[in-house]
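Just so we're aligned: 11 in the UniProt record's numbering is position 11 of the sequence shown, and the numbers increase by one with no gaps anywhere. Heads up, the beta-carbon is just placed ideally off N, CA and C, and yes, glycines get one too. In what follows, a single structure is set out as structure tokens and then discussed.
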Amino acid sequence: MMLSPQHLQQNDRYWHAHLRHRLQAIAPNYWGVLALRFEIVNEVLSIGELECVLPDGLLVAFPGALPRNPPGNVELALGAACKSGDAPVKVWCWVKPRGPQAACQDSLERRYNSIIDEPCVDENTGDNGLALPRLQVQFELYLGNSSPAAHSAVPLLELVRGENQQLQVTAYHPPMLHVEVSDSLGQSNLWRSLHQMHDRLWDKLAQLGEHGKTSDAEENMGNERRQHLSAARHISACLPPFSTLLHEQTHPSLLYQALAGIVGALSSIGPNPLPLLMKPYRHDDCRPQFQQAMDFIQARMDLVDTRYEILSFLRVDQHDPMLQDACFERRLPADIGDELLIELEPREAQTAAQLLGWLNEAVIADAAMMPLLRRARVGGATVRALQPHEIEREKLRPQAFLFVVENERLSLDDQGTQDAFRTSELLQIQGRKNESQPAGITLYRRKQKTSAAPAAPSENGHA
1 MMLSPQHLQQ NDRYWHAHLR HRLQAIAPNY WGVLALRFEI VNEVLSIGEL
51 ECVLPDGLLV AFPGALPRNP PGNVELALGA ACKSGDAPVK VWCWVKPRGP
101 QAACQDSLER RYNSIIDEPC VDENTGDNGL ALPRLQVQFE LYLGNSSPAA
151 HSAVPLLELV RGENQQLQVT AYHPPMLHVE VSDSLGQSNL WRSLHQMHDR
201 LWDKLAQLGE HGKTSDAEEN MGNERRQHLS AARHISACLP PFSTLLHEQT
251 HPSLLYQALA GIVGALSSIG PNPLPLLMKP YRHDDCRPQF QQAMDFIQAR
301 MDLVDTRYEI LSFLRVDQHD PMLQDACFER RLPADIGDEL LIELEPREAQ
351 TAAQLLGWLN EAVIADAAMM PLLRRARVGG ATVRALQPHE IEREKLRPQA
401 FLFVVENERL SLDDQGTQDA FRTSELLQIQ GRKNESQPAG ITLYRRKQKT
451 SAAPAAPSEN GHA
């Protein structure tokens with residue numbers, strides 16, 4: 001039986017379709033961009049490097065190993081198609097679908113150009129060099145909102161004309177086989193955002209881990225230290241797998257799965273244990289779902305405040321029968337300022353207005369000044385409630401009852417002018433024993449920045 005070109009062509013079609021079917025069953029997101037480098041000059045898109053796999057399995061590599069005619073970058077004029085006020089438009093890498101004239105050099109349907117390569121010798125003899133024709137994929141750039149061909153086109157980027165009439169690359173991310181491809185898509189690309197989130201997680205873990213370096217047993221730690229240690233354990237459980245996948249050649253779908261692990265682990269931080277409802281990985285424009293997960297992670301990290309040290313006031317009136325009022329005291333740190341941030345722990349069903357009213361009637365001053373202030377009927381330091389925008393700015397718990405104690409210059413007849421409280425002195429808050437009395441009081445002290453904090457591991461494994 002003699003074989004005709006049709007036999008070989010149909011055999012080639014069969015095996016390509018068979019391979020594509022098997023590959024799609026194993027890895028549905030097998031197609032997309034592998035490498036992309038471009039620039040826009042004078043409203044002309046110029047692509048200097050492109051490597052992508054089309055949905056039909058065809059590999060497009062530019063510039064490739066063979067010379068191209070014409071030489072130079074592949075260019076596409078954008079001015080006429082991208083007008084001010086129009087919706088964003090995509091740029092596609094397009095190869096004509098395989099038809100009956102796919103290899104005809106004079107046909108508009110051709111997918112390949114025949115290129116004469118350098119002579120290659122017979123490996124058995126090492127001589128008899130013969131120049132062989134090789135097939136070079138012929139592709140073009142297409143500008144449009146929809147694909148020019150369902151199985152032989154891949155979107156590369158999206159453009160829009162901004163208010164300043166300049167062409168801009170949008171935040172759209174094409175289907176990618178390597179996450180590093182996004183690094184060419186502007187400052188807020190996925191690759192850079194993942195690295196920034198990864199570094200923030202390691203920094204937060206280093207801050208929280210400071211509480212675990214002491215030899216104190218966990219049951220002897222304060223409430224804040226136990227909370228920080230618990231948060232550090234949740235972050236530690238999911239961060240190393242994510243670190244191992246944060247590589248430029250990792251498929252975004254694998255990173256999305258690792259990110260889901262971080263979302264699940266950090267869901268246990270804070271009062272609401274419900275995790276983010278994450279959708280299945282979306283190969284085309286995966287950036288929005290990544291951003292949603294990263295925003296959730298950042299919000300949960302913000303719930304763990306490592307900027308303040310929480311110092312409890314001691315209730316002393318229960319042990320001193322001479323004190324008729326409720327008395328909370330705490331020695332102030334040496335680096336404290338003229339404004340103290342305190343939190344009042346409410347009793348059951350207490351409101352912020354009740355707690356503020358109790359504080360306004362209380363006497364707040366150094367313990368040594370209390371008898372004098374009582375005789376002079378002077379209130380000492382003043383109090384105001386922390387405003388919502390201040391709570392948000394300082395990333396404090398919105399449900400906490402937070403107040404600011406402001407130092408006052410007090411004019412006393414026999415003692416002259418004195419501050420209501422001073423650093424390193426014993427501060428007392430004395431108020432009536434009634435239904436508005438808080439269950440406890442804590443002082444928030446801003447931590448000093450250390451000069452050498454544990455660093456996140458770098459890509460080569462060193463800190």
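For Val-405, the closest C-alpha among the options Asp-122, Gly-337 and Leu-78 is that of Gly-337.
Residue ranges of uninterrupted beta strand (DSSP E) with 3 or more members, entirely inside the stretch 380-438 and ordered along the chain, are 382-385, 402-406, 409-412, 416-419 and 426-431.
In the three-state DSSP reduction, Phe-313 falls in the coil class, being neither helix nor strand. Shortest Cα-Cα distance from Gln-324 to any of Pro-371, Gly-416 and Gln-292 involves Pro-371. Spanning the alpha carbons of Leu-356 and Val-33 requires a straight line of approximately 60 angstroms. Distance from the CA of Arg-409 to the CA of Gly-379, rounded to the nearest whole angstrom, comes to 11 angstroms.
Of Glu-361, Asp-199, Pro-333 and Arg-307, the smallest CA-CA separation from Arg-393 is found for Arg-307. In this structure Asn-124 is exposed. Its beta-carbon is surrounded by fewer than 16 other beta-carbon atoms within 10 angstroms. Here DSSP, grouped into helix, strand and coil, assigns Leu-78 to coil. In the DSSP assignment, Asn-360 falls within the alpha helix (DSSP H) that extends over 352-361.
In terms of CA proximity to Gln-418, Leu-373 leads the group Leu-373, Ser-312 and Lys-447. Contact check for Val-154 and Thr-170: beta-carbon distance about 17 angstroms, past the 8 angstroms limit, so the pair fails to qualify. In the three-state reduction of the DSSP assignment, Pro-155 falls in the strand class, which pools E and B.
For the 7 angstroms CB-CB criterion, Ala-365 and Phe-421 form a contact.
Short of 6 angstroms from the beta carbon of Ser-107, and not among the five residues preceding or following it, lie these beta carbons of its own chain, in chain order: Gln-101.
Shown here, Asn-11 sits in a helix according to DSSP, grouped into three states. With contacts defined by Cβ atoms closer than 7 angstroms, Ala-400 and Glu-343 form a contacting pair. For the pair Pro-252 and Met-176, the CB atoms are nearer than the 7 angstroms cut-off.
Residue environment analysis places His-18 among the exposed positions, since fewer than 16 neighbouring C-beta atoms fall within 10 angstroms of its C-beta.
As DSSP reads the structure, Ser-46 sits in a beta bridge with Glu-39 and Glu-75. Between the stretch 108-118 and the stretch 30-50, the count of Cβ pairs shorter than 8 angstroms is below three; the stretches do not touch.
Around Val-263, the same chain offers Pro-275, Leu-276, Met-278, Ala-293, Phe-296 and Ile-297 as residues with beta carbons nearer than 8 angstroms, after the five sequence neighbours per side are excluded. Nearest C-alpha to Tyr-142 among Gln-136, Leu-156 and Pro-133: Leu-156. A straight line joining the alpha-carbon of Leu-45 with that of Ser-152 spans about 21 angstroms.
Of the candidates Phe-290, His-228, Gln-289 and Leu-254, the residue whose Cα lies closest to the Cα of Ser-268 is His-228. For Pro-333, the closest alpha carbon among the candidates Ala-65, Asn-29, Leu-59 and Leu-426 is that of Leu-426.
In this structure, Gly-440 is the residue among Leu-402, Gly-440 and Pro-174 with its C-alpha nearest to the C-alpha of Asp-317. Residue environment: Arg-397 is assigned as exposed (fewer than 16 neighbouring CB atoms within 10 Å of its CB, all protein chains considered). Asn-128 is classed as exposed because its beta carbon has fewer than 16 other beta carbons within 10 Å across all chains shown. For Tyr-256, the enclosing alpha helix (DSSP H) has its first and last residue at 252-266. Per DSSP, reduced to three states, the secondary structure at Cys-52 is strand. Taking C-beta separations shorter than 8 angstroms and ignoring five residues to either side along the sequence, the partners of Gln-136 in its chain run Gly-64, Leu-66, Arg-68, Tyr-112, Asn-113, Ser-114 and Ile-115, following chain order.
In this structure, the straight-line span from the alpha carbon of Leu-402 to that of Ser-436 is close to 15 angstroms. Taking 7 angstroms as the cut-off, the Cβ atoms of Cys-238 and Ala-265 count as close. A residue is called buried when at least 16 other Cβ atoms come within 10 angstroms of its Cβ; Cys-327 meets this threshold and is buried. The C-beta separation of Leu-167 from Glu-75 comes to about 14 angstroms, leaving the pair out of contact by the 8 angstroms criterion.
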